[in-house]
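In my numbering, the protein residues as written are 67 to 181. Here is the structure we will look at, set down as structure tokens.
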């Protein structure tokens with residue numbers, strides 16, 4: 067297999083994006099519309115104000131450290147499954163399935179309740 071690396075941004079660009087992202091998360095915050103999410107953030111010591119959460123760089127680092135080094139997105143046809151974290155880029159939808167099969171209504175777009 068060809069092992070190549072795609073570089074779109076320089077190391078300095080990546081560091082600037084990271085620094086700005088951390089500043090936005092900590093100072094501007096992120097809105098989460100569900101009480102369940104807010105409760106979970108509070109449980110982990112994240113500052114909240116209503117439905118806004120303010121995540122520090124240390125909290126982000128702790129969350130990233132707790133994530134697995136690799137995981138598999140399983141397809142219905144297992145030959146189409148992809149492993150993320152093997153050092154190769156993966157191009158796949160990261161938001162979930164574009165459509166679901168509903169036993170009562172057939173094909174439909176997913177809702178937040180599906181996730």
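The beta-carbon is built from N, C-alpha and C at its ideal position, and this holds for glycine as well.
- Residue 119 counts as buried, since at least 16 other C-beta atoms from the protein chains shown sit within 10 angstroms of its C-beta.
- Looking at the backbone, the Cα of residue 129 and that of residue 175 are separated by about 30 Å.
- Fewer than three Cβ pairs drawn from the stretch 130-146 and the stretch 90-110 lie within less than 8 Å of each other, which leaves the two stretches out of contact.
- In this structure, the straight-line span from the alpha carbon of residue 91 to that of residue 77 is close to 21 Å.
- With respect to the 9 Å criterion, residue 110 and residue 98 are not classified as neighbours on the basis of their beta carbons.
- The criterion of a C-beta distance shorter than 9 Å is satisfied by residue 75 and residue 83.
- With fewer than 16 other Cβ atoms inside 10 Å of its own Cβ, residue 165 counts as exposed.
- For the stretch 78-123, the full-length alpha helix (DSSP H) segments reaching 4 residues or more read 101-109 along the chain.
- Contact between residue 88 and residue 123 holds: their C-beta atoms lie close to 4 Å from each other, under 8 Å.
- Nearest C-alpha to residue 153 among 137, 147 and 163: 137.
- In the structure shown, residue 174 falls within a strand segment according to DSSP collapsed to helix, strand and coil.
- Between the C-alpha atoms of residue 168 and residue 79 there is a straight-line separation of about 44 Å.
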